[in-house]
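*Asks:* The structure that follows is given in the form of structure tokens.
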Amino acid sequence: AGAADRAEDLETAKRRALDLCSEGRTQQAVMTMCMAASRIGAVSPAHMDLLANIGLELASKNDWSELEAWINGFGQEPAATLPAPSLPLR
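Read in order, the letters of the sequence shown correspond to residues 336 to 425 in my numbering.
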């Protein structure tokens with residue numbers, strides 16, 4: 336599958352996960368996102384455990400806004416890092 340297909344699959348998973356959240360099925364929403372990310376190779380295996388743990392923690396807290404942000408974060412480019420501050424020359 337090409338990049339466009341993978342992006343479409345991930346967007347479909349996001350919509351499904353958000354629907355599950357609105358039904359109160361937050362843990363299933365987290366699993367939906369983790370399975371989709373794993374299937375399309377969007378997340379390295381080393382990061383999958385961390386993402387799953389964070390998602391399940393948010394689901395257990397019923398923190399809708401944070402869980403929604405977690406779901407929508409899949410497929411986003413990482414935030415640009417700020418350049419190191421310049422040190423004054425002596």
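Idealized CB from N, CA, C, for every residue including glycine.
The model shown is predicted, which means the values in this text are computed figures rather than measured ones.
Rounded to whole angstroms, what is the Cα-Cα separation between Gly410 and Ala342?
*Replies:* If I take the Cα positions, the gap works out to 7 angstroms.
*Asks:* In or out: Gly390 buried (at least 16 other Cβ within 10 Å) or exposed?
*Replies:* Buried, by the Cβ-count rule.
*Asks:* Under 8 angstroms, do Leu355 and Thr347 count as touching if we go by C-beta distance?
*Replies:* No, the Cβ-Cβ distance between Leu355 and Thr347 is not below 8 angstroms.
*Asks:* Using the Cβ count rule (16 or more neighbours within 10 Å means buried), how would you classify Leu385?
*Replies:* Classification for Leu385: exposed.
*Asks:* Considering only residues of the region 337-390, which uninterrupted alpha helix (DSSP H) runs meet the minimum length of 4 residues and lie entirely inside it, listed in chain order?
*Replies:* Runs found: 338-357 and 361-375.
*Asks:* Alpha carbon to alpha carbon, how far is Met383 from Cys369?
*Replies:* For Met383 and Cys369, the distance between alpha carbons rounds to 7 angstroms.
*Asks:* Starting from Asn407, trace the alpha helix (DSSP H) both ways and give me its first and last residue.
*Replies:* First-last of the alpha helix (DSSP H) with Asn407: Trp399 to Asn407.
*Asks:* So, at 7 angstroms on beta carbons, what are the nonlocal neighbours of Gln362 in its own chain, with the 5 sequence-adjacent residues on each side left out?
*Replies:* The residues are Leu391 and Ala394.
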